[in-house]
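Read the structure below first, then the notes.
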Amino acid sequence: MEFNYEVWKHVFKLDPAKEISDAHLELLCESGTDAIFIGG
Numbered sequence: 001m002e003f004n005y006e007v008w009k010h011v012f013k014l015d016p017a018k019e020i021s022d023a024h025l026e027l028l029c030e031s032g033t034d035a036i037f038i039g040g
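Position 23, counted from 1, in the sequence shown is what UniProt numbering calls 23; the numbers after and before it change by one each time, with no gaps.
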């Protein structure tokens, strides 16, 4: 799978050590963000 990150407008970073509610995760997934990075 190949991604053209040069056209991304928004990337969100999730910290796996921090909790996120299901409601907030759903909002993030439906927000139109181009990518989600997971890292501390």
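Using N, Cα and C, we set each Cβ at its ideal position, and we do this for glycine too.
Computed from a prediction, not measured in an experiment: that's the story for all the values here.
Identify, in the order they occur along the chain, each residue of the same chain with its Cβ nearer than 8 Å to the Cβ of residue i, setting aside the five sequence neighbours on each side.
{"i": "residue 40", "result": "15, 16, 17"}
Report all residues from its chain with a CB closer than 7 Å to the CB of residue i; omit the five preceding and five following residues, and keep chain order.
{"i": "residue 12", "result": "28, 33, 36"}
{"i": "residue 8", "result": "34, 35"}
So what does DSSP say about residue i, is it helix, strand or coil?
{"i": "residue 35", "result": "strand"}
Under a CB-based cut-off of 7 Å, is residue i close to chain E?
{"i": "residue 14", "result": "Of the protein chains in the structure, only one exists, and it is not chain E."}
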